[in-house]
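In case it helps, the working numbering puts the sequence shown at residues 296 to 652. The C-beta atom is built at its ideal place from N, Cα and C for all residues, glycine as well. Keep in mind that this is a model prediction, so the values were computed, not measured.
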Amino acid sequence: MDLVSRHQDVFGEMERLLASAKTLAYYNSSAETHVIVDASFVGLGPILSQKQSDGNFRPVTFASRTLTDVEQRYSQTGREALAVVWVCERFHLYLYGKEFILVTDHKPLDIIYFPKSKPPACIERWAMLLQPYTFKGSQIVIPDKLRKQTLQLAHEGHQGIVKTKLRLRGKVWWPGIDQDAENLVKSCKACQVVGPMPKQEPIKRTQLPDGPWQDLSNAENRDWRKEIPKFLLAYRSTQHSTTGKIPQNFYSIGKCTKLPEVDTEKGKDDPDTRRKDSEMKEKGKIYADQKKKTRESDIDIGDIVLQKQTKLTNCPQPSNTIRIMLLREKDHDLPKRTMKGIFPKGTVHLLKSVTDK
Numbered sequence: 296m297d298l299v300s301r302h303q304d305v306f307g308e309m310e311r312l313l314a315s316a317k318t319l320a321y322y323n324s325s326a327e328t329h330v331i332v333d334a335s336f337v338g339l340g341p342i343l344s345q346k347q348s349d350g351n352f353r354p355v356t357f358a359s360r361t362l363t364d365v366e367q368r369y370s371q372t373g374r375e376a377l378a379v380v381w382v383c384e385r386f387h388l389y390l391y392g393k394e395f396i397l398v399t400d401h402k403p404l405d406i407i408y409f410p411k412s413k414p415p416a417c418i419e420r421w422a423m424l425l426q427p428y429t430f431k432g433s434q435i436v437i438p439d440k441l442r443k444q445t446l447q448l449a450h451e452g453h454q455g456i457v458k459t460k461l462r463l464r465g466k467v468w469w470p471g472i473d474q475d476a477e478n479l480v481k482s483c484k485a486c487q488v489v490g491p492m493p494k495q496e497p498i499k500r501t502q503l504p505d506g507p508w509q510d511l512s513n514a515e516n517r518d519w520r521k522e523i524p525k526f527l528l529a530y531r532s533t534q535h536s537t538t539g540k541i542p543q544n545f546y547s548i549g550k551c552t553k554l555p556e557v558d559t560e561k562g563k564d565d566p567d568t569r570r571k572d573s574e575m576k577e578k579g580k581i582y583a584d585q586k587k588k589t590r591e592s593d594i595d596i597g598d599i600v601l602q603k604q605t606k607l608t609n610c611p612q613p614s615n616t617i618r619i620m621l622l623r624e625k626d627h628d629l630p631k632r633t634m635k636g637i638f639p640k641g642t643v644h645l646l647k648s649v650t651d652k
């Protein structure tokens, strides 16, 4: 099979699919109607589509015709204007007495059909032919390759989602323009940096250890051998607010042996102490979370985040973009290990970055 035959087969299959029942819809006089028109160097092609019950637009009918030798010598604006006139005459049965939206990719049509001065005789005659029809055609349809640039121009002042949509709607249109504008604003790094920081996370209470010396930490880089006796003296002789008992009661002098030994069994399985400890911690957590209006963080392993700048300078610096890696999965109260080091526990200083895909 030669190339021409293959192209003819593909075109025939496409023609069959466009005319199938899955593609076309029945005409509904009360449904929102769009008429899409376009013109090339050799022909005209309109589509009449209507909004269905599921919210999507489906075509009702198609039409096309070739241009005469005289019409082919028109300017592109003239051919686009001719397409509007011809489609209204072609779809007169569907459009007469009904308001519809005219979709075109040629902005000058808005000027020639609604001029501030007297137009040429040909254009004036076409405009008179369109007077029986009620349509809106002040928006230009942007092609795919120019939509990203159009969104960036509309968001130059870094206004919010509502203002960006409002600015776009008054000038241009394409399918899914609202969703594209929303995605652009959400993925704008400048807007994310100056936006509100996330709320503090709920308190993560720790459980009582199974025995002494199981969890050790170094907070102030002091020699723990010198500091720990002072702490133990005060701690062991004071009633604990959570357990309600003096910690000294849980310790006893061990056996006298030549090797040091820690008795980890005494007081280990005191059910009353553990129950009261758990109740007091949960009560404190509830009060603290309600006061701070905390919310669980949605940051997870491998997410791209923006780090809040804590050092104030005369020249504002953009937030650093880092890839975080939690030391333990879903344990937000532990320090965060990242590609640039270890950061303090919690994620209140981190904002999940939305990237433009």
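Between the Cα of residue i and those of the options, spot the shortest distance and give me the residue it belongs to.
{"i": "Arg531", "options": "Ile541, Arg462, Arg442, Val299", "result": "Ile541"}
{"i": "Glu591", "options": "Thr538, Lys499, Asp439, Ser648", "result": "Lys499"}
{"i": "Val457", "options": "Leu441, Val480, Pro438", "result": "Val480"}
{"i": "Thr361", "options": "Asp595, Ala320, Asn351, Leu377", "result": "Leu377"}
{"i": "Gly285", "options": "Asp364, Ala316, Phe386", "result": "Only positions 296 to 652 of the chain appear in this structure, which leaves residue 285 out of reach."}
{"i": "Ser536", "options": "Arg442, Lys440, Lys578", "result": "Lys578"}
{"i": "Pro566", "options": "Asp505, Glu419, Gly455", "result": "Asp505"}
{"i": "Thr589", "options": "Glu496, Asp572, Gln534", "result": "Glu496"}
{"i": "Leu503", "options": "Gly307, Arg301, Gly338, Arg570", "result": "Arg570"}
{"i": "Ala334", "options": "Ile437, Ser370, Gly307, Gly350", "result": "Ser370"}
{"i": "Ser324", "options": "Arg311, Gln303, Glu394, Leu527", "result": "Glu394"}
{"i": "His450", "options": "Thr459, Lys443, Arg442", "result": "Thr459"}
{"i": "Leu424", "options": "Ala529, Gly350, Cys383, Lys402", "result": "Cys383"}
{"i": "Arg420", "options": "Ile437, Leu446, Trp381, Lys443", "result": "Trp381"}
Leaving out five residues before and five after residue i in sequence, what residues of the same chain have Cβ atoms less than 6 angstroms from its Cβ?
{"i": "Val299", "result": "none"}
{"i": "Ser348", "result": "none"}
{"i": "Val489", "result": "none"}
{"i": "Met575", "result": "Thr537"}
{"i": "Cys551", "result": "Low confidence applies to Cys551: its pLDDT is 44, below 50, so where it sits in the model is not reliable, and the reading given next is rough at best. If we look at Cys551 and ignore the five residues flanking it on each side, it has no Cβ neighbours."}
{"i": "Asp626", "result": "For Asp626, the predicted model reports a pLDDT of 46, less than 50, meaning its position is unreliable and no value from the coordinates is stated."}
{"i": "Gln534", "result": "Ile541"}
For residue i, which beta-bridge partners are listed by DSSP?
{"i": "His329", "result": "Ser344, Ile396"}
{"i": "Ala320", "result": "Ala320 is not bridged to any residue."}
{"i": "Leu461", "result": "DSSP lists no partner for Leu461."}
{"i": "Val436", "result": "Trp468"}
{"i": "Leu339", "result": "Ala334, Arg360"}
Could you please give the first and the last residue of the uninterrupted beta strand (DSSP E) stretch that includes residue i?
{"i": "Thr356", "result": "352–357"}
Beta-carbon separation of residue i and residue j under 8 angstroms?
{"i": "Tyr391", "j": "Tyr428", "result": "yes"}
{"i": "Gln345", "j": "Ala326", "result": "yes"}
{"i": "Leu646", "j": "Pro493", "result": "yes"}
{"i": "Ile435", "j": "Asp400", "result": "yes"}
{"i": "Thr538", "j": "Thr501", "result": "no"}
{"i": "Gln367", "j": "Val337", "result": "yes"}
{"i": "His453", "j": "Ala485", "result": "yes"}
{"i": "His302", "j": "Ile396", "result": "no"}
Quick one: what's got a C-beta closer than 7 angstroms to residue i's C-beta in the same chain, skipping five residues either side?
{"i": "Ile472", "result": "Leu463"}
{"i": "Ile342", "result": "Ile331, Pro354, Phe357"}
{"i": "Lys521", "result": "none"}
{"i": "Gln543", "result": "Arg531, Ser532"}
Where do the ends of the alpha helix (DSSP H) carrying residue i lie?
{"i": "Asp446", "result": "Rather than Asp, the amino acid found at residue 446 in this sequence is Leu. Segment 439–449, the alpha helix (DSSP H) holding Leu446."}
{"i": "Met423", "result": "416–424"}
{"i": "Asp505", "result": "Counting along the chain, Asp505 falls outside any alpha helix (DSSP H), and DSSP gives it neither H nor E."}
{"i": "Ile581", "result": "566–587"}
{"i": "Arg590", "result": "Element bounds for Arg590: n/a, residue is neither H nor E."}
{"i": "Cys486", "result": "484–489"}
{"i": "Thr372", "result": "371–385"}
For residue i, collect the residues of the same chain with a Cβ closer than 8 angstroms to its Cβ; drop the 5 residues on either side in sequence, then sort them by chain order.
{"i": "Leu404", "result": "Thr372, Glu375, Ala376, Val379, Gly432"}
{"i": "Tyr321", "result": "Val355"}
{"i": "Lys402", "result": "Ile435"}
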